[in-house]
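Residue numbers (full-length UniProt numbering): 1 to 463. C-beta atoms are modelled at their ideal positions from N, C-alpha and C, and glycine is treated no differently.
Right under this line is the structure:
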């Protein structure tokens with residue numbers, strides 16, 4: 001436990017059950033950490049008793065553990081089958097998804113020391129999602145904002161980047177978080193990989209299908225009347241509603257929970273959002289859902305794995321999953337439609353492209369024409385150059401390469417993508433940079449440089 005806060009919710013006219021106590025707040029490094037009102041121990045107390053608090057979890061892995069005055073029931077009369085709602089501060093086209101875990105107080109000691117179960121959201125089953133993921137953050141040991149190094153159990157490394165807007169140290173300070181090691185500390189959890197679209201000045205991370213905090217906008221009171229998480233329409237309280245029936249064990253098997261005593265919200269995404277800073281889950285409160293058997297709605301849902309913002313290949317494996325009440329459907333069929341002339345999706349869900357353009361691909365659940373999901377991307381089957389001026393030239397060599405890839409540029413944000421579209425290297429460079437790719441498999445990679453006035457992309461091949 002890094003910082004415990006005990007604050008009891010005040011009486012509310014609606015008699016809704018809000019968070020009554022924050023048991024632990026352990027943020028990862030971030031631009032809002034060590035700064036009021038979002039990143040201090042007192043900020044953790046702000047999320048009790050209502051939904052107008054302000055708490056940042058920092059970068060990937062940062063979390064908060066809380067409870068309600070009485071256990072959250074898996075009540076059969078809850079609208080849409082959901083049991084509690086977590087509220088955050090998402091913006092249009094900007095989601096900072098937090099993974100939610102729940103626990104029963106099996107030993108009845110009042111402590112969150114039993115088994116955590118992840119509530120499997122819409123991204124849980126995507127091939128890129130990593131479970132048992134581990135990241136260590138190292139303290140840069142300076143008294144002002146500085147890049148915080150991180151490394152993971154997959155051989156990757158990078159930084160939580162400092163910016164001029166938040167000048168305080170980003171690594172949690174000892175006076176506020178005395179139980180966080182001041183040399184380095186780590187988290188182990190799951191990591192999801194929503195696409196980060198930085199192809200324009202407004203960086204975008206689109207909303208997840210369902211099952212993540214800081215993802216859906218707030219609606220209207222009463223806040224214990226939840227949004228339907230399976231539709232794209234904002235209803236009732238809004239926020240992100242969760243069903244205890246989504247709980248899975250460490251093997252990914254569904255478990256049955258009649259009630260839970262503790263809830264943990266944990267940042268599930270490790271990414272840099274350009275001028276917006278690191279992706280950091282924020283929450284403002286949570287509420288127990290009130291039973292109401294008269295309210296029902298659609299419980300089928302379809303989700304497509306995000307496409308890379310720009311597609312440079314003529315074929316691409318698509319991923320689509322169907323859910324009923326948030327649980328995976330084992331056997332289902334989908335019908336595909338694609339807007340680009342000559343494009344198609346075959347029986348193995350492989351997308352075939354014949355021309356560049358703005359792509360929109362839609363999957364519809366067979367037999368249910370109102371259940372669909374759409375993914376978009378730009379398709380560039382040409383050379384990958386876009387608005388690069390002559391004084392911003394980049395030199396990448398050798399190509400093909402063995403283990404070391406050299407990049408020279410006058411300046412910009414450098415990203416390297418693997419074949420699945422995941423960012424495996426990210427850094428702001430000025431001059432020369434040598435990237436060690438020894439840990440990665442042979443194949444095609446994309447090197448992207450965003451200079452601010454244009455984007456340069458080149459395909460490179462690892463031998």
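Residues that DSSP places opposite residue i in a beta bridge
i	result
residue 395	408
residue 134	188
residue 336	363
residue 149	159
residue 351	316 and 345
residue 374	362
residue 56	282
residue 196	Its beta-bridge partners do not exist; DSSP assigns none.
residue 21	67
Backbone secondary structure at residue i - three-state DSSP
i	result
residue 245	helix
residue 401	strand
residue 87	strand
residue 42	helix
residue 444	strand
residue 111	coil
residue 275	helix
residue 252	coil
residue 80	helix
residue 479	Absent from the structure is residue 479, since the part of the chain shown begins at 1 and ends at 463.
residue 357	strand
residue 463	coil
residue 240	strand
residue 387	At residue 387, the pLDDT of 42 sits below 50, so the modelled position is not reliable; the number obtained from the coordinates is stated separately. In the structure shown, residue 387 sits in coil (DSSP, three-state: anything other than H, G, I, E or B).
Residues near residue i in its chain [Cβ-Cβ closer than 6 Å; skip 5 each side]
i	result
residue 361	338 and 375
residue 316	351
residue 385	Note that residue 385 scores 39 on pLDDT, short of 50, meaning its location in the model is unreliable; the coordinates nonetheless yield the value given after this. Taken in chain order, the list of residues that qualify is empty.
Anticipated Cβ contact below 8 Å, residue i with residue j, distance rounded
i	j	result
residue 402	residue 459	About 17 Å; that fails the 8 Å criterion.
residue 139	residue 184	6 Å
residue 471	residue 104	Residue 471 lies beyond the residue range present for the chain, which begins at 1 and ends at 463; the question has no answer from this structure.
residue 342	residue 355	6 Å
residue 117	residue 249	6 Å
residue 284	residue 54	6 Å
Other residues of its chain near residue i: CB distance less than 7 Å, five sequence neighbours each side excluded
i	result
residue 226	79, 80, 82, 85, 236, 237, 241 and 289
residue 439	155
residue 68	17, 19, 20 and 288
residue 35	166 and 168
residue 208	95, 97, 121, 122, 123, 194 and 215
Proximal residues to residue i (C-beta, below 8 Å), its chain only, five neighbours per side dropped
i	result
residue 146	140, 162, 169 and 170
residue 366	332, 333, 334 and 335
residue 219	227, 234, 235, 236, 237, 238 and 239
residue 202	93
residue 372	302, 362, 363, 364 and 365
residue 391	The predicted position of residue 391 is uncertain, since its pLDDT is 43 and thus under 50; no value can be drawn from it.
For this session: Say whether the segment 213-226 touches the segment 124-136, bearing in mind that this needs 3 or more beta-carbon pairs closer than 8 Å, one atom from each stretch.
Result: The segment 213-226 makes no contact with the segment 124-136, as fewer than three CB pairs between them are under 8 Å.
For this session: Count the CB pairs spanning the segment 320-328 and the segment 89-97 that are closer than 8 Å, and state whether there are at least three.
Result: No: fewer than three Cβ pairs fall under 8 Å.
Problem set entry | Segment contact flag, the segment 53-68 with the segment 264-280, C-beta cutoff 8 Å, min 3 pairs | With a cut-off of 8 Å, the segment 264-280 and the segment 53-68 count as touching, because enough Cβ pairs lie within range.
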